[in-house]
Every structure is written in structure tokens, then in C-alpha cells.
Amino acid sequence: MAKTGRICHLLLRFLAFSATLSAVVVMVSSHEKASFFTVSFEAKYTNSPAFKYFVIANSIVTVYGFFVLFLPAESLLWRLVVAMDMVLTMLLISSISAALAIAQVAKNGNNYAAWLPICGSVPKFCNHMTGALVASFIGVIIYLILLLHSIHTVLDPLLLRKT
């Protein structure tokens, strides 16, 4: 039973790693050139600080997820992993929130600020942006599941184990 639990835990960690890695790759590869009358512009993730933050946060979580995959089951570092899971889950949530706000403006514009939507001009960029946000959101869900599992197994909050 313990071996099956460890395999499921590693599988979830690998899925979380894959989700955040794919979010980084998709967002970094999102760029498209468009022209509006005589003005041409290029939409890319580096144009927005929120998208840069999104890429940096997902990169940090990806590297962390890679290293935790190789942590032995009997290591005492698992208590630290619980705390790091919490911190990095919150980091992912904040980066998704920031990127989602900018993505919403890119898709719908803002009438009050006279910002026009750009997704009609650069649909490939917007599709990549949406894909990266979805992948990162999947990563957050998996990290939340891992966090709950880690709290239950490592910290045993209800003290159900008999010593």
C-alpha cells in the first residue's frame, strides 16, 4: 500500500512538473506580428510585466518540482517540502491572477481606458497565452492536491497515527 501511495505521489509530482514546464514553454514561444494600417507591432510575452512574472514564477516552480521528484521517501526534508509546496502554490496562484488580468484586457479591451482588444489582430498569440494559462491552472490544481496530501501524510494534523 505504501509503495502504491509513493507511486501516485510521484505521478502527481511529475504531472505538476509537466504542467508548469509546458506553461513556460508555451508562453515563451508565444509571439506574433501584426499590422494595423501602417503601424506594425509584435505581441510577445515580454511586452507585459505580468506575463514576465508568470513565466518566472512557473520557471521557479518547474525547477522546484524537478528537484522534489528525486527526493528520497525517507528524507527529513519532506517537512520543508510541505512549506515550499504552500509557498510555491501561492506564487503560482498570484502569477496566474496577474497574467489572467492582462489576458482579459487583451481579449476584451477596456472601454473606460480606451484600450482596444488585440486578440482579433494576433489570434495565435492569444491562443498560446490561453494555453499557457490553462496548463498553469492545471499545475495549481495538482499542487493543491499534493499540498493536502503532504499535510495529511507528513504533518498528520489530526494525530491519527499511534506511536
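Under this note's numbering, the first residue of the sequence shown is numbered 39, with each subsequent residue one higher.
Ideal placement from N, C-alpha and C gives every residue a C-beta, glycine not left out.
Please read these numbers as outputs of a predicted model, since none were measured by experiment.
query: In whole angstroms, what is the alpha-carbon distance linking V32 and I176?
result: Limits of the chain in this structure are 39 at one end and 201 at the other, which puts residue 32 out of reach.
query: Can you give the Cα-Cα distance for S159 and K71, rounded to whole angstroms?
result: Position 121 of the sequence shown, counted from the first residue, corresponds to residue 159. Position 33 of the sequence shown, counted from the first residue, corresponds to residue 71. Near 9 Å, if we compare the C-alpha coordinates of K71 and S159.
message: On the DSSP bridge list, what partners appear for S78?
response: By 1-based counting over the sequence shown, the position of residue 78 is 40. DSSP lists S73 as partners of S78.
query: Taking the alpha-carbon positions, what's the H47 to W116 distance?
result: The residue given as residue 47 occupies position 9 in the sequence shown. The residue given as residue 116 occupies position 78 in the sequence shown. When rounded, the distance between both Cα atoms is 12 Å.
- prompt: Is it buried or exposed for F163, if we count other Cβ within 10 angstroms and need 16 for buried?
  reply: Translated into the one-based positions of the sequence shown, residue 163 becomes position 125. That one is buried.
- request: With DSSP collapsed to three states, give me the class of N149.
  value: Taking the first residue of the sequence shown as 1, we reach residue 149 at position 111. Note: N149 maps to coil in three-state DSSP.
- prompt: Residues in its own chain within less than 6 Å of S133 by CB, not counting five upstream and five downstream?
  reply: Against the sequence shown, residue 133 aligns to sequence position 95. Cβ neighbours of S133 beyond the five flanking positions: Y91, F92 and A95.
message: Just to confirm, is the Cβ distance from D123 to S67 under 7 Å?
response: Start at 1 with the first residue of the sequence shown, and residue 123 comes out as number 85. Start at 1 with the first residue of the sequence shown, and residue 67 comes out as number 29. Contact: no.
message: At the level of alpha carbons, what is the spacing between L182 and F75?
response: Numbered from 1 along the sequence shown, position 144 holds the residue referred to as residue 182. Numbered from 1 along the sequence shown, position 37 holds the residue referred to as residue 75. C-alpha separation (whole angstroms): 47 Å.
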